[in-house]
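Chains as they are written, first to last, in this note's numbering: chain G, -13 to 176; chain Y, 53 to 529; chain U, 9 to 386.
Glycine included, every Cβ here is placed at the ideal spot set by N, Cα and C.
Note that the coordinates shown come from a computational prediction; the quantities given were computed from them, not determined experimentally.
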Amino acid sequence: MDSTGIVIGFWVLSAITVVSSLLVLVARNLMHALAFLVLAFLGMAGLFITLSADFVAVAQVLIYAGSISVLMVFAVMLTPLASRDNGNSLYVLPGVVAGLGIASLVAFVAVDTEWAERTGAALAESDFASTVGEVGRLLLGRYVLAFEVASVLLLIGLLGAIVLVQERRRAATQSPDEAADTGARDGGAL
Amino acid sequence: MSEQPLQAPIRRPATPMLRQIEDRPGLKEMALGVPFGLKVIGAIMGLGALVLMAAVGYLVVDGRLDGQWYDVRDLGHAVAGLRDWLDGEGVDHRLTWLITGALGGLAIMSIVGGWLLIGSWVERRVIAKFQIRMGPNRTGLFGLLQPIADAVKLMTKEIIIPRGADRFLYYIPPVLVFVPAMLGWAPIPWAPNMAYMDINVGVLYVVAISSIGVLAIFLAGWSSNNHYSLLGAMRTVAMMISYEIPISLALLSVVLLTQSMQLSEIVAFQGHYHVWMIAIIPFAAFAFLFASTAEINRSPNDIGEAESEIVAGFYTEYSGMKAGLFMAVELAHAILVGALMATFFLGGYTLFGLEEWVPGYLILAAKIGAVYFLFVWLRGTLPRFRLDQLMGFAWKFLIPLGIIQAFIVAIEASVFVRVDAPAFITLGAFAVVNLASTVVMVRFWADRLGYAPAQHATKPELTNALGGLKAAQRLRS
Amino acid sequence: MASHAFEVDQTGTGSAEPFVLNIGPQHPSTHGVFRLRVVMDGEIIRDLDMIVGYLHRSMEKLAEERTYTQNIPFTDRADYLAAMTGNLGLALAVERMTGVESPDRAEYLRVIFSELQRIASHAMANGTLVSDAGAWQTPLLYMFREREKILDLFEMTCGARLTTNYMRIGGVAFEPPAEFWPALQELLDELPERTDEYAQLLVDNEIFLARTRNVGIISAEDAINASLTGPALRGSGVPWDLRKAEPYCGYENFDFDIPVGKVGDVYDRFMVRMEEVKQSVHIIRQAVEQIPPGPHKNDIPLALRPEPGEIYSRIESPRGEIGFYLVSDGTPAPYRFHLRSPALINLSLLRELGEGASLPDAVVTLGSIDIVLGEIDR
C-alpha cells in the first residue's frame, strides 16, 4: 500500500462500493437497486485488483456482475410488476440483524487474523506474478475435497432444476382439463 | 445484366443515376487514360518501394533492428523506449506510466473508432456485391463518406424517450454496451511486446468482460417499456447465457493445450510450433465462432434483433445517435470477435515466420478482416435460426460435445507435457485424433438426437388431375 | 371477434402473464399496412387478431360511378403485385357479361402477360418469405432481378411497370413493340437456370429447411373448408387450378401441370410457387410459338351498356381465385362491383395457424400465405 495510485484507487473504489451498496437499500425501484448492486460488484472487483488478486477480481466480474446479476434480473422480470417495489417489508428487521451478524463476523476475522503485513523491499520480494496458478494448485491439492463437494452440490442443483421442470411439464400434459381443451379445439377446428 | 445480346436495346428508365453508371469508365480505360507524367512518377515510386523493401529485408536479416525503439515490427519497443527516455529525463515515474498508458488506450480507441467509420461502409458495399446491387456510392469517393453522413444524420435526429420508460436506466445502456467492446481489446497481443494489458488471466478476463454486455442489453430492453424490446432483451440474454458455456469450453481446450491463460503466451505457442489452433482443435474453433455469432447478434444467430419478427429487438425504442451507438457496437463486437478468433485459433500476429518481416499488427489486422468478411458473408447468405433451435443447438449439441472435446484435450495436454517427442509428431497426432473424434462425435450425437440431414428435399408433385379433397387424398396415397 | 384479446390486461400491470403485442400496421414483415394483435405467452402466441382496413380506398363504391373500362385501373391498384391478372379478371367478367369477343392474338397476349405477371408475383412472394425467415434480403434481391426484367417487358409494352392497365374489354391495349419478343425469349431462356440457382441457394439450405418444414401446416381438409385458393391450396395437396378447371383465354390449348405439395407446410407452399414459375415459363414458350397474327383488339362502344343482370367471373391470379361479381342495371356504370380477394380469404386461416405457434413461425407462415394489402383492403 505504498503507492499513492493504489491509495487513491482504494478510496475511490471503496466509495463506489459503499455508496452503491447503500443505494441498493435505498432505491425504491427494484431494477434500479439491481443496477446499483452490479456497480457494487464491480467496485469489489476493483478492490480485489488493488490487492493483486487478479483471479478473484476476474471471477468476481464473471460470476457476480455477469451471471448472478442476470439471474436476479430474470427473477425480477418473472415477478409481476406490482410486487417489484423495493419498499418496506417485514423482513427489514431480520435483514438488519443478519447483516450486522455477517459484518461483525467479517470484522472479527479481519481483526483476529495475523496479517503478514509487508512494505517496501519485503513487499517487492514476496510479490508473485499471478495468483491463478496458486489458486489452481490449492483447489486441486489441499482443498480438493471442498472443491469436489462444491461441484457435486452444483450438479445436484442442476439435476434438481431439470427434474422440477420435467415434472411440471408432464403434469401439465396429463391434466384432464388441458386434454379436454385440446380435444375441443381439435374437434372444433373449422 | 452486363451482356445484352438483344437486337434492340431495352428502353430502361433513363434516370441520371443509371446514365452516370453507364458512362463510368471501366478499369481498363482508367488505367490507359493516366497521363504520361503520372506513369513515370508511378514507376519511380514503384522502384523506390522495391528498394525500400530490399533495405528492410537487409536490416531484418542483419538483426540490427531487433529491440530498437525504431523497430516498426513491434511498437512495444517504441513505447518501452519512450518510457526509458522519460525516466531518464527525470519525469515522475507515475507520469510516465500514465502517458504510455494513455497512448495505448488511444491506439485501441482509434482502432475501434476508425473501424466504426469505415466498417459500415465495408459491410454495406460487400453485402451489396452479394446482392447484385451497387451499395452506397454517392457520398464522396466510392461512397466512402457515407458513414459520416449517416452519423451526422443520426446525431441531428431527435432523441425520443418513450412514455413510461425508465428515464434513469434508459440512458445508461448505449454507453454501457460500449464498455465491453472497448475493454475486450486490452489483452490482445498485436506483436510480441505489443499488448496493452498482457494479464495472466487474459482468457478469463475476456469471458468476464463479454458477460457485462448482457446487462446493458437487458437494461435497454427493460427500460424502453416496449414489448418488442423486452422480447429482444429476453432472447438476447437467454442466448448470451447459454452460449457463454460453449465459448468457455472452447477456450478451455485452448488453455489446456497452451498451458497458459495469457493471450500472448497462447499466440507464442502457435508461433513457436508453427501451427494454428484451428488445425489442432477444429471443434473448439467452430464452437467458438458459432457461439460468438450468437453472443454478438450476428446472422445467422441474430435473433435478438430479428428484424422480421421483433423489429429491432432490444433497441427498438432508441432513436437518433442512441440507436446509432447500438448499431455501431455491433461492428465493434464483430471485429473484437475477429481479433479473439484470430488470437486463439488463427495464430494471432504470427504467420509461419512472416512476422519477422512484416509487422505483426498488420498480420493480425488481416486476420481480423478475414473473420469479419466471413461474418458479412454469413449475413449475406443464411436465413435466421429460431430461438428454440438455437437454444437446443447450444444445450443439446455444443455443450455436451464441448465437454467431451475438453476431456480429450485434457488427456492430450498431459501427454504433451510428459512425452518427449518432436512437437510436430505429437501435435500432428492430436490434430488427427481430434478431427477423427470430432467427426465420430458429431455423427454419433446427431444420430442420437434423431437428426438426419435433408439430402433430398421434397419437391412438389406435378399432376394433371383436378379435383378437391378426394383428389388430394388420392394424390397423397 | 376482437373482445377476447381485451380480456388480458394490456398494460401488464396486473398479474396476468400473457401480454399483448401489436404487430403492425408498421412492421417489417406484415407486407404492408396489416396489423396483428397477438396475445403472447413468452414466445408462444396464445391468440391472434387480424386487423385489416388501413389501405381501404373504397374502390368498390368508387367503381359504381365509372364505366367498365374506367374501372380497369382500380384492379391495378387492388392487387398491385399482379396488376395484369386483375385487369384480365375484370375484362373477362365484362366480356362474359356482354358477349364481346376478343381476337385470337389478344387471347395469346393475355396468356403471355398474365403468366409473366405470375412469375413476377411469385418471385416477390418467395423472396419476401425468405426475407421473413431472416435471410437479410439476399434471395429477395436475386428474385427481384427476374422480376425487374419482367417489369421492363411490361414497361416497353404498356408504359407502366406496376399499374399496367393493359387488358381491355375486347382485347389488350397495345401490341407489344418489336423489341419485346427477343427480350422475352432471352428471359425465358435464363429463367429455368435462375430458378435452379435459387434452389441451390435455398432449397438445400439446412437453416431454411429447419425454419419452413413442418411449420404452419394446413391440411387439405382445412384448406378446402377455409376456401383457400392458389398456391396456399395447392401446397396442401389439393390439385385445383382455375386455368384447368374453367379454362379461359385458351388455357385448354396449353400443356402444363399443377404442382401440389405433400405436407401443406410453409416449405410446400414455397416450392409450389417455385414450380409454378417453371410451368409458367413452359406456358409462355408455347404461347410465343403459337401466337397467330391479327388485330390485338376489337372495337367496342365507348360506353358499354350490358343488359341488366349479374355475373360472377373468376380467374386464377398468382394468389388464387380472383373473382369479379358485377351487377348491371343497363347503364354504362356497374350497379354493384365486388372483388373476391384471394389474399383476404387465404389470410383468414392465419388465426388457426398462429395459435400455439411461436412468433418466428407465425411470421414465416404469414409470409407463405402471400398477402397483398391493396387487394385485401381495396
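Around the Cβ of Y/E175, a 10 Å sphere holds 16 or more other Cβ atoms; the residue is buried. 8 angstroms or more divides the Cβ of U/N173 from the Cβ of U/I59. For G/F34, same chain residues with a beta-carbon under 7 angstroms away, outside a window of 5 residues either side, are V42, A43 and Q46 in chain order.
Near chain U, meaning a CB-to-CB distance below 8 angstroms, the residues of the region 167 to 195 of chain Y are I179, F182, Q183, I184 and R185. It is roughly 9 angstroms from the alpha-carbon of Y/F427 to the alpha-carbon of Y/G390. Burial of Y/R431 is indicated by the presence of at least 16 other C-beta atoms within 10 angstroms of its C-beta. Counting only residues of its own chain and dropping the five nearest sequence neighbours on each side, G/L(-1) has a CB closer than 6 angstroms to the CB of G29, G32 and L33. Put simply, the CB of Y/V289 is near chain G, with a gap under 8 angstroms to one of its CB atoms. For Y/T395, no beta strand (DSSP E) encloses it; the enclosing alpha helix (DSSP H) starts and ends at G372 to F397.
Taking 8 angstroms as the cut-off, the beta carbon of U/T373 is found no closer than this to the beta carbon of U/L355. For the options Y/G480, Y/L308 and Y/Q441, the alpha carbon positioned closest to that of Y/A462 is the one of Y/L308. By the neighbour-count criterion, in which 16 or more other beta carbons inside 10 Å mark a residue as buried, Y/W274 falls on the buried side. Near chain U, meaning a CB-to-CB distance below 8 angstroms, the residues of the region 430 to 459 of chain Y are R431, G432, T433, L434, P435, R436, F437, R438, L439, D440 and Q441. For U/H346, the enclosing beta strand (DSSP E) begins and ends at P342 to R348. Annotation: the continuous beta strand (DSSP E) that includes U/F332 extends over G328 to S336. Around the CB of U/G179, 16 or more other CB atoms lie within 10 Å, so the residue is classed as buried.
When Cβ-Cβ separations below 8 angstroms define contact, Y/P352 makes contact with chain U. The beta carbon of Y/K374 does not come within 8 angstroms of any beta carbon belonging to chain U, so the residue lies off that interface. Non-local beta-carbon contacts of Y/A203 in its own chain, meaning distances under 7 angstroms to residues more than five positions away in sequence, involve G376 in chain order. Here the region 327 to 342 of chain Y lies against the region 385 to 404 of chain Y, with 3 or more beta-carbon pairs under 8 angstroms apart. Sequence-distant partners of U/A131 (beyond 5 residues in either direction) whose C-beta falls short of 6 angstroms from its own C-beta, in its chain, are M151, E154 and R155. In terms of CA proximity to Y/I332, Y/Q457 leads the group Y/L155, Y/Q457 and Y/E369. Nearest in C-alpha terms to U/L217, of all of Y/V485, Y/L434, Y/P77 and Y/V491, is Y/L434.
DSSP lists U/G179 as the beta-bridge partner residues of U/K305.
Burial is judged here by how many other beta carbons sit within 10 angstroms of a residue's own beta carbon; U/P255 has fewer than 16 and is exposed. In the DSSP secondary-structure assignment, U/Y320 is bridged to U/Y333.
Burial state of U/M164 is buried, judged by a 10 Å Cβ sphere holding 16 or more other Cβ atoms.
Close to Y/S360, with beta-carbon spacing below 7 angstroms, are these residues of chain U in chain order: P36, S37, S139, D140, G142 and V371. In this structure, the CA atom of Y/D123 is about 12 angstroms from the CA atom of Y/P244. Its chain contains V223 and G224 as the residues whose beta carbon lies nearer than 7 angstroms to that of U/D369, once the 5 sequence neighbours on both sides are disregarded; these appear in chain order. The C-beta distance from Y/L398 to Y/I330 rounds to 6 angstroms, short enough to fall under 8 angstroms.
Exposure of Y/A83 is indicated by the presence of fewer than 16 other C-beta atoms within 10 angstroms of its C-beta. Two segments are said to touch when three or more pairs of C-beta atoms, one from each, lie closer than 8 angstroms; by this definition the region 83 to 95 of chain U does not touch the region 103 to 117 of chain U. In this structure, U/K252 sits near Y/L518, with a CB-CB distance shorter than 8 angstroms.
In chain order, M17, V59 and M63 make up the part of chain G whose C-beta sits under 8 angstroms from the C-beta of Y/W274. As the crow flies, the alpha-carbon of U/G142 is around 29 angstroms from that of Y/T191.
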